[in-house]
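Asks: In the numbering used here, the protein residues as written are 21 to 163.
Beta carbons: idealized from backbone N, C-alpha and C, even for Gly.
Just passing along the structure, written as structure tokens.
And the structure:
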């Protein structure tokens, strides 16, 4: 019987938990704001770990600048974070950390908006009285 989870998945989950704690309590950069780690994907050779995050920063900055700044801060702290992870997780080789801003939340919100718009348009179309159904065309008349 095949295993349900690969070792890389288990290591990724452990790295995510430890990184969340480290970022919250050990990184002292006030520009960073609140960071949420959404996923960690570890390569099959454990050479690197892609860390996907979202960040809430200062309200006066634009969103794109916040994303770039958070990614830059985390990339700058990657060596420190990797060293701390090596002390907390016993692995032969600790993967190099690569941080990526996760756009899936924005995509999900956009998709939800599109679905809501389609539903409103559909409800408006169904509530409009018409003598013939445009989906059927003119062929639906009986002779």
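1) If you draw a straight line from the alpha carbon of residue 111 to that of residue 40, how long is it in whole angstroms?
2) So, for residue 3: in the same chain, excluding its five sequence neighbours on each side, which residues have a beta-carbon less than 7 Å away from its beta-carbon?
3) Note down, in chain order, each residue of its chain lying with its Cβ closer than 6 Å to the Cβ of residue 42, except the 5 sequence neighbours on either side.
4) Quick one: what's residue 182 bridged to in DSSP?
5) So for residue 97, helix, strand or coil by DSSP?
6) Considering only the alpha carbon of each residue, which of 148, 109, 63 lies closest to residue 37?
7) Using 8 Å as the threshold, is the C-beta distance between residue 118 and residue 65 below it?
Replies: Answer, in terms of the structure:
1) 18 Å
2) Residue 3 is absent from the structure shown; the chain starts at 21 and stops at 163.
3) 101, 104
4) What the structure shows of the chain is the stretch from 21 to 163, and residue 182 is not part of that stretch, so it cannot be assessed.
5) coil
6) 109
7) no
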